[in-house]
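Residue numbers (our numbering), protein chains in the order written: chain A, 1 to 83; chain B, 84 to 236.
See the structure below:
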């Protein structure tokens, strides 16, 4: 599964993307965040305030309760500020 | 040059050139509304800003902007829509975003243009980072943008 990070989440994690194989039983975005946040201090910092973490599953906005089963790409980013 | 639909680009653009092309393409439309967002020289905290860097999620931005345009066309009788959005490093006064809507009459053009900007601000995966004398900081999302986007639901 490809994991992407943008803006200050990218800076805190220290990379823009990583290819990972989450453990069996990781079914929701929340469970994926639980696993990712424990990977490094940077990951932990990026996911420290989960209210600020927006998620897209295969380029579509989803909430933290969404399933990640079958997802090819999951992106994490702060609230958007374009326009 | 693509003359309709959405485009996210690192190269600077000239809104007057975009508008000229859009108008020429839509001579059957009686009304064209446009919005231009440009980089401010002052942050929300009143700090002087020298530069802004915009980052985006390319694959998702393309999908989101195409969906926004499809939604606007479903809600209003539009002849054409164009969105151009900058990414990369900008200076104060540089255009960030250009939105144009064409319709037979002004009401649909005005409303669709405002709708597109409101939704773009809360849905398009684009982030701004401002650089000033005291350093660089990511721009925080405004709750007012969510309120404005919510009006269209």
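Heads up, the beta-carbon is just placed ideally off N, CA and C, and yes, glycines get one too.
Enclosing alpha helix (DSSP H) for residue i [first to last residue]
i, result
"residue 11(A)", "7 to 13"
"residue 64(A)", "Taken as a continuous stretch (DSSP letters only), residue 64(A) belongs to no alpha helix (DSSP H), as it is neither H nor E."
"residue 233(B)", "226 to 233"
"residue 56(A)", "No alpha helix (DSSP H) contains residue 56(A), which is instead part of the beta strand (DSSP E) from 54 to 57."
"residue 145(B)", "141 to 158"
"residue 189(B)", "189 to 206"
Alpha carbon of residue i to alpha carbon of residue j, nearest angstrom
i, j, result
"residue 93(B)", "residue 80(A)", "18 angstroms"
"residue 197(B)", "residue 116(B)", "9 angstroms"
"residue 110(B)", "residue 27(A)", "52 angstroms"
"residue 113(B)", "residue 178(B)", "26 angstroms"
"residue 175(B)", "residue 21(A)", "43 angstroms"
"residue 163(B)", "residue 232(B)", "21 angstroms"
"residue 37(A)", "residue 77(A)", "14 angstroms"
"residue 141(B)", "residue 17(A)", "14 angstroms"
"residue 33(A)", "residue 143(B)", "20 angstroms"
"residue 97(B)", "residue 9(A)", "32 angstroms"
"residue 39(B)", "residue 161(B)", "There is simply no residue 39(B) to check, as chain B begins at 84 and stops at 236 in what is shown."
"residue 222(B)", "residue 133(B)", "14 angstroms"
"residue 47(A)", "residue 107(B)", "49 angstroms"
"residue 29(A)", "residue 127(B)", "33 angstroms"
"residue 165(B)", "residue 219(B)", "31 angstroms"
"residue 89(B)", "residue 83(A)", "13 angstroms"
"residue 68(A)", "residue 100(B)", "44 angstroms"
"residue 199(B)", "residue 61(A)", "17 angstroms"
"residue 201(B)", "residue 35(A)", "34 angstroms"
"residue 124(B)", "residue 7(A)", "21 angstroms"
"residue 167(A)", "residue 234(B)", "Past the boundaries of the shown model lies residue 167(A); chain A is included only from 1 to 83, so the question cannot be answered."
Helix, strand or coil at residue i [DSSP, three-state]
i, result
"residue 40(A)", "coil"
"residue 84(B)", "Only weak support is given to the placement of residue 84(B): the predicted model assigns it a pLDDT of 43, under 50, and the value that follows is read from those uncertain coordinates. Here residue 84(B) sits in coil by DSSP."
"residue 130(B)", "coil"
"residue 111(B)", "coil"
"residue 164(B)", "strand"
"residue 20(A)", "coil"
"residue 135(B)", "strand"
"residue 125(B)", "strand"
"residue 105(B)", "helix"
"residue 81(A)", "coil"
"residue 30(A)", "helix"
"residue 222(B)", "coil"
Range of the contiguous beta strand (DSSP E) that encloses residue i
i, result
"residue 216(B)", "Per DSSP, residue 216(B) belongs to no beta strand (DSSP E) and is neither H nor E."
"residue 178(B)", "178 to 186"
"residue 173(B)", "171 to 173"
"residue 76(A)", "73 to 77"
Q: May I ask you to list, following chain order, the residues of the region 184 to 216 of chain B that have a beta carbon less than 8 angstroms from some beta carbon of chain A?
A: 200, 203, 204, 205, 206, 207, 208, 209, 210, 211, 212
Q: Quick one: which residues of the region 137 to 155 of chain B get their C-beta closer than 9 angstroms to a C-beta of chain A? List them in chain order.
A: 137, 138, 139, 140, 142, 143, 144, 145, 146, 147
Q. Contact between the region 180 to 193 of chain B and the region 116 to 127 of chain B: three or more CB pairs below 8 angstroms?
A. yes
Q: Compile a chain-ordered list of the residues in the region 27 to 55 of chain A whose CB is closer than 8 angstroms to at least one CB of chain B.
A: none
(Q) So if I threshold CB-CB distances at 7 angstroms, which residues from the region 115 to 133 of chain B count as touching chain A? (A) 120
Q) Should the region 165 to 175 of chain B be regarded as contacting the region 202 to 211 of chain B, the criterion being three or more beta carbon pairs within less than 8 angstroms? A) yes
Q) Below 8 angstroms, can you find three or more Cβ-Cβ pairs linking the region 35 to 43 of chain A to the region 7 to 27 of chain A? A) yes
Q: Report yes or no: do three or more beta-carbon pairs, one from the region 186 to 195 of chain B and one from the region 212 to 227 of chain B, lie closer than 8 angstroms?
A: no
Q.
Quick check: the region 53 to 63 of chain A against the region 71 to 79 of chain A, are at least 3 beta-carbon pairs closer than 8 angstroms?
A. yes
Q) Of the residues that make up the region 156 to 184 of chain B, which ones have a beta carbon closer than 8 angstroms to any beta carbon in chain A? A) 168, 179, 180
Q: Check distances from the C-beta atoms of the region 65 to 81 of chain A to those of chain B and list, in chain order, the residues that come in under 7 angstroms.
A: 75, 77, 78, 79, 80, 81
Q | Contact residues within the region 221 to 235 of chain B, judged by C-beta distance below 9 angstroms to chain A | A | 221, 222, 223, 224, 225, 228, 229
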